[in-house]
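Chains as they are written, first to last, in our numbering: chain A, 231 to 737; chain B, 33 to 337.
Below, the structure is given as structure tokens:
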């Protein structure tokens, strides 16, 4: 009997061996491997990069961010400002959804009003600033906001501003739409097997001309990084996302694959509690902590160059960013010790802080936290390091139970300093950092409604200077994203971390 | 037997209630689902709006009451993450999980039983020691490590099998073997020890003294009796394969229940966790019932007891 079993396995093994060549990929199929699956095909309800990676190829917006995060018209032919709260958009004619229905101003109104009024949607917090959307004619819409909104073009070009097919959804219902999504973008839906793959193909009737480079695009879900790398090395996939440093050599040394990296908007930072009664309420203590941390060592040694030191929460590439605070850091352990002594931590009195950080959420997060704790110990600060799994960490952060210091990575998919800088206003900071600065507060309120671009940028840069001086956040570095790419593909990463198929080419 | 089965089936109802309550409490105390849905730096006001819209601001008992009344109607709720019917999503995953589980179990039995018998037959020989050693290794080896090694050697360095994903038989081999190896490593020593025990019994000696061929003695007289513990271990392993093959599913990107459940737990997606746990519980109960029936078929004395 055992002999038969062995023969069976030998036969199966040989069968697999000779059928091995069937795993080779079709060259007109582009396969991209991501770490997590699409959550939904409802473009207004995900807040998820993997989902957006797929959806941004299927949808159209009035404006869209190009590879450099600049806004370029897509469905809109242009816009004019009727008054400080009303913007008029002319829409391109001849655009059809993937089911053949024409896209008109009614669809634009339907989409924006849904995002602005349905409180169950994850995009609602961003779009609630819209008061009304009025159809002027079939190809003209007016968007009215509650307050003057200088960032409206950013809003209509962010995820969630995708135009939905009103007639199709009203006729067939949401459940049908979610299983058979129809948009007006360059690629149309073919199939979705959850946690396995999404398949899309070029839409023949696309107004900008059908994509002829690819027959199909497969987005595969491969959660384990070593498996993603394995698929890349064997030619099973063309592009892989989120490659950790320990896999870089394997990709770089392999013939036919390369490692590519690009900036993201994610800033790793320390959230400092300034609440009266806590040791970190003393500005000198926060300063001492900043001077004890060598950001460049974290970015260059631990992350192998996958980060750039920074002193601001606003990322490079975002409107309002202050370049003087980028690619720089404060490190002076002697000054740090002096500041601690000035704050009263001398003659045997030691500063003790609790430092909370996530484990497994961001690139090398727990290693970075341990190294920071070590750097702080070197200047005489006693650190109680609390490393938490993401769900517990996030619940603690959201409940504002952060102690003296907490490490988090915050991104900005709005691409305007208005979004990240809200942290330095009194209302937003309440309970979290309890930071309060009258100048920052008033500048933020003025800038939020300031329709003069240059003035607004200057106001945001001033807030960043205040934050860098006062340190309610101590920014560490701006993270880069790492991709493994098959050499047959020309792929340039985008700062929004999306895969835009029209920008991916065969060599 | 019929009365016994009816009693066992009726026992399922309170078990399901207890499980659903326990899961509800655990997810409820684990944290705020809205915290996982909106960005970390969303405002409190935005979170409060979403919490109200989803009914998550209601008292615990009210939320559980709504869940129970919907459950009675066969509605386990909608997933927060996917905004779709939770049970539908779970059922969508079940075929992939059952495919991998049944293939692994079959492979484990095909590997485990013959090697167990061989080991018993050749007691204290080199082969016996070797098989026992491999069994110990199989139980000690973490499945993620075995999975990654199999990918490395049989898919990347020697591209004999696909690295990951679900497809034809070729996609099943590596994840199936990863799961089967650990189970076979439990079956083999069990078969070996129960065979050794049975081979000492009087009726085996009688069979041998009657002049029956060793093959007949082993497979007809001894093996059937040695099967009882094997069925027991299989019944114990099946729930693990249905709900707990998470690591293997993740390593091989197998779109099964394990991956779904872990994502739902991280996202505090109550409806999916509830639906998945109830389905896994039902499958577990079904297989433990099946195991009971199999005991009776293998050894009619159990039924008489």
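Glycine included, each C-beta is placed from N, C-alpha and C at the ideal position. All values derive from a computational prediction rather than experimental measurement.
query: Starting from the beta carbon of residue 426 of chain A, find every residue of chain E whose beta carbon is closer than 9 Å, and list them in chain order.; result: Protein chains in the displayed structure are A and B, and chain E is not among them.
query: Counting along the chain, where does the beta strand (DSSP E) carrying residue 694 of chain A start and finish?; result: First-last for residue 694 of chain A: 683 to 700, but that is the alpha helix (DSSP H), not the beta strand (DSSP E).
query: In chain order, what are the residue ranges of uninterrupted beta strand (DSSP E) at least 3 long that sit wholly in the stretch 173 to 256 of chain B?; result: none
query: Please identify the residue among A:681, A:718 and A:624 whose C-alpha is closest to the C-alpha of residue 62 of chain B.; result: A:624
query: Just to confirm, are residue 277 of chain A and residue 300 of chain B a CB contact at a threshold of 9 Å?; result: no
query: Could you check what DSSP says for residue 577 of chain A in three-state terms: helix, strand or coil?; result: coil
query: Please identify the residue among B:196, B:201, B:325 and B:279 whose C-alpha is closest to the C-alpha of residue 260 of chain B.; result: B:325
query: Going by DSSP, name the residue or residues bridged to residue 302 of chain A.; result: A:294
query: Once DSSP output is grouped into helix, strand and coil, what is the label at residue 318 of chain A?; result: strand
query: Throw me the rounded Cβ distance for the residue 280 of chain B and residue 175 of chain B pair, which I believe falls under 8 Å.; result: 5 Å
query: Are the C-beta of residue 311 of chain B and some C-beta of chain A separated by less than 9 Å?; result: no
query: Counting only Cβ pairs nearer than 8 Å, list the residues of chain A close to residue 64 of chain B.; result: 625, 628 and 629
query: Could you pull out every unbroken beta strand (DSSP E) segment of at least 3 residues lying fully inside the stretch 315 to 364 of chain A, listed in chain order?; result: 316 to 321
query: To the nearest angstrom, report how far apart residue 605 of chain A and residue 638 of chain A are at their CA atoms.; result: 18 Å
query: When Cβ atoms are compared, which residues of the stretch 266 to 286 of chain A fall closer than 7 Å to chain B?; result: 269, 270, 272, 275 and 277
query: CB-CB under 6 Å to residue 491 of chain A, same chain, minus the five flanking residues each way: which ones, in chain order?; result: 710 and 712
query: Applying the criterion that 16 or more other CB atoms from any shown protein chain within 10 Å of the CB defines a buried residue, is residue 551 of chain A buried or exposed?; result: buried
query: If I follow the unbroken alpha helix (DSSP H) through residue 318 of chain B, where does it start and stop?; result: 302 to 330
query: Measuring alpha carbon to alpha carbon, tell me which of A:636, A:647 and A:675 ends up nearest residue 655 of chain A.; result: A:675
query: Thinking C-alpha only, which one of A:330, A:513 and A:466 is nearest residue 667 of chain A?; result: A:513
query: Going along the chain, which residues of the stretch 450 to 475 of chain A sit with their C-beta nearer than 8 Å to a C-beta in chain B?; result: 450, 451, 452, 453, 454, 456, 457, 460, 461, 463, 464 and 466
query: Quick check on residue 184 of chain B - is its C-beta less than 9 Å from some C-beta in chain A?; result: yes
query: Taking Cβ to Cβ, would you say residue 658 of chain A is nearer than 9 Å to residue 584 of chain A?; result: no
query: Assuming the contact rule is C-beta atoms closer than 8 Å, residue 352 of chain A and residue 645 of chain A should be a hit. Round their C-beta distance to whole Å, please.; result: Residue 352 of chain A to residue 645 of chain A, Cβ: 18 Å. No contact.
query: Do you know offhand how far residue 317 of chain B's Cα is from residue 44 of chain B's?; result: 7 Å
query: Could you name the residues of the same chain whose beta carbon sits closer than 6 Å to that of residue 691 of chain A, not counting the 5 residues immediately before and after it, in chain order?; result: 552
query: Can you say whether residue 464 of chain A is buried or exposed, counting buried as having 16 or more other CB atoms within 10 angstroms of its CB?; result: buried
query: Taking the alpha-carbon positions, what's the residue 253 of chain A to residue 369 of chain A distance?; result: Reliability of the predicted coordinates at residue 253 of chain A is poor, the pLDDT of 49 falling under 50, and no value is obtained from them.
query: At what residues does the beta strand (DSSP E) containing residue 674 of chain A begin and finish?; result: Note, residue 674 of chain A: premise wrong, no beta strand (DSSP E); alpha helix (DSSP H) at 668 to 679.
query: Which residues, in order along the stretch 608 to 624 of chain A, keep a beta-carbon less than 8 Å from a beta-carbon of chain B?; result: 620, 621, 622 and 624
query: Determine which residues share a DSSP beta bridge with residue 744 of chain A and list them.; result: Absent from the structure is residue 744 of chain A, since the part of chain A shown begins at 231 and ends at 737.
query: Determine which residues of the stretch 114 to 140 of chain B have a Cβ less than 9 Å from any Cβ of chain A, and write them out in chain order.; result: 114, 115, 116, 117, 121, 124, 125 and 128
query: Rounded to whole angstroms, how far is the Cβ of residue 345 of chain A from the Cβ of residue 357 of chain A, which I believe are closer than 8 Å?; result: 4 Å
query: Among A:361, A:541 and A:421, whose alpha-carbon lies nearest the alpha-carbon of residue 374 of chain A?; result: A:361
query: Check whether the Cβ of residue 69 of chain B lies closer than 9 Å to any Cβ atom in chain A.; result: yes
query: Alpha carbon to alpha carbon, what distance is there between residue 487 of chain A and residue 251 of chain A?; result: Low local confidence applies: a pLDDT of 40 at residue 251 of chain A is under 50, so the model's placement there is unreliable, and no value is given.
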